[in-house]
Structure formats: structure tokens, C-alpha cells
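Trainee: Mind looking over this structure? Questions follow.
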Amino acid sequence: MGTNAGYAINPARDFGPRLASWISGYQDAMYSANGPELYFWLPIVAPIIGGLLGGALFVYGIERFLPPDDARPDEIGVSEATAVPHR
1 MGTNAGYAIN PARDFGPRLA SWISGYQDAM YSANGPELYF WLPIVAPIIG GLLGGALFVY
61 GIERFLPPDD ARPDEIGVSE ATAVPHR
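Heads up: the sequence shown runs through residues 1 to 87, numbered per my numbering.
Rendered as C-alpha cells:
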């Protein structure tokens, strides 16, 4: 049914059974039913690459514009009257 319904996008449900089948002797378990494509790597590698790209985008695109942690409220555009005192 995997070929008809599409592969499992969750590697916890797809990669484990493929690996167990491959270890137990079914050498074709890592391949798709339509040919030798190794499409199972996509749900494993894509989230890692996306996380790295998202982290880099945050650091270089957003974090550098945030005020430092030790900035006083009047230094970041908040008036002293509305600032919450530090405890």
C-alpha cells in the first residue's frame, strides 16, 4: 500500500521497519517498489537541513537586530515611566 498511498513522512514509522527488513534479509526493503530510488532519506535529511537554515536565518536576519540583554529600557525605546523595575 505504500506505493499506492505514498510513503510514510514520519521516519519513526518508515525507516525502522525498512531497516529491520533490510537486516533480516530483504535487500530490496530500502528501495521503492517502483525502482531503485532511495526516497526514504527525504523525511530524515530535509528536517535537519531546514532546521539549520532556519537557525541561520534567525541568527543573521533577526537576532542581530535585537537589543542586548543588558540594555536599559530607555536604550531600546521604552520610557522610564512605563519600564518595569528589575527585581
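In this text, a Cβ means the ideal position worked out from N, Cα and C, and glycines have one as well.
Rounded to a whole number of angstroms, what is the C-alpha to C-alpha distance between R64 and P47?
Mentor: Cα to Cα, the separation comes out at about 24 Å.
Trainee: Classify I48 as helix, strand or coil using the three-state DSSP reduction.
Mentor: Three-state result, I48: helix.
Trainee: Determine, using beta carbons only, whether D69 and P43 come nearer to each other than 8 Å.
Mentor: No, the Cβ-Cβ distance between D69 and P43 is not below 8 Å.
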